[in-house]
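Comments concern the structure below.
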Amino acid sequence: MVNAYFRFYAELNNFLVPWQRQHTFSHPCSRDATVKHMIEALGVPHTEVELICVNGEPVGFSYRLCEGDRISVYPAFTSIDISPIQRLRPPDEGPARFIADAHLGLLAKNLRMLGFDVLYRNDYSDAGLARIAADEERTVLTRDRDLLIRKEIVRGCYLHAVACDAQMAEVINRFKLGRHVRAFSRCLSCNGELRTVDKKAVEHRVPQHSRQYYEHFYECAGCAQVYWEGSHVERMRRRVRQMLDAARVG
Ligand SMILES: [Zn+2]
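What follows is the structure, given as structure tokens:
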């Protein structure tokens, strides 16, 4: 065994047992344990870690611990870009694409309302969800830290908040989604993209009063559901503003 000293910063402390929070503590580690293994053994999912320094120098997940090492572990930074220092995972390309676990149906729906690509089913198994995340390079949204510890998951986001608007704020801020919002561009039911369609092509599938009053219609490329700019749209616009305002405050 070797003895190493750990210090976790900011919200990463939430994952530790109380006596380990907010200060440096020593912990025995098996010889040749990787820093990733030890961080997760202490309860912190690797997906939540953005920077690891050992004795002041940035290291990768595979670093093997030595006697007396002093390890500082930092979460995702929302205000500064530290990517040139030491990448722990491949760089993101374009706005994040997500897969939400079975408990986060409302979050999935709200993110879709802002136009984000979020897979969701209420019957995903942990293994099935992890496999889809790996195959499609999606970021896992969950409040289950054991799920995030699975090694096939590269990107994830543990939601600290329980309330949906606060969860939305966490996701919007962590993944800097504000400038990528395209409200009402995606189907709330199936995550398919909406495309404009000619009124004539879909009017037989629309209730008479909507057919009478509205001119702009959209069809989901996934499930073929028809949408139109009805009276509910103003309510949804207010909802979108509310979510973005909550994210700015949060
Ligand atoms: Zn659809």
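Per the numbering used here, numbering through the sequence shown is continuous, rising by one, with the last residue being 250. We put the CB at the ideal spot given by N, CA and C, even for glycine. Note that the coordinates shown come from a computational prediction; the quantities given were computed from them, not determined experimentally.
Return yes when at least one heavy atom of ligand 1 lies under 8 Å from the C-beta of residue i, else no.
i	result
E108	The question names Glu, but residue 108 is Ala in the sequence shown. Outside the cutoff, so no.
N13	no
S189	yes
G222	yes
G115	no
Q22	no
G105	no
G192	yes
Excluding the 5 residues preceding and the 5 following residue i in the sequence, name in chain order all residues of the same chain whose CB lies nearer than 8 Å to its CB.
i	result
R121	A102
S185	G115, E193, L194
R112	V118, R186, C187, L188, N191
Any idea what DSSP makes of residue i, helix, strand or coil?
i	result
H27	strand
L65	coil
V277	With the chain covering 1 to 250 only, the question about residue 277 has no answer from this structure.
S72	strand
E215	coil
F116	coil
Q15	The sequence given here has Phe at residue 15, not Gln. It is helical.
E57	strand
A108	helix
C157	strand
So, at 7 Å on beta carbons, what are the nonlocal neighbours of residue i in its own chain, with the 5 sequence-adjacent residues on each side left out?
i	result
S210	W228, G230
R31	M1, V2
When we look at the beta-carbon of residue i and count the other beta-carbons within 10 Å, is it buried (16 or more) or exposed?
i	result
R150	buried
R155	buried
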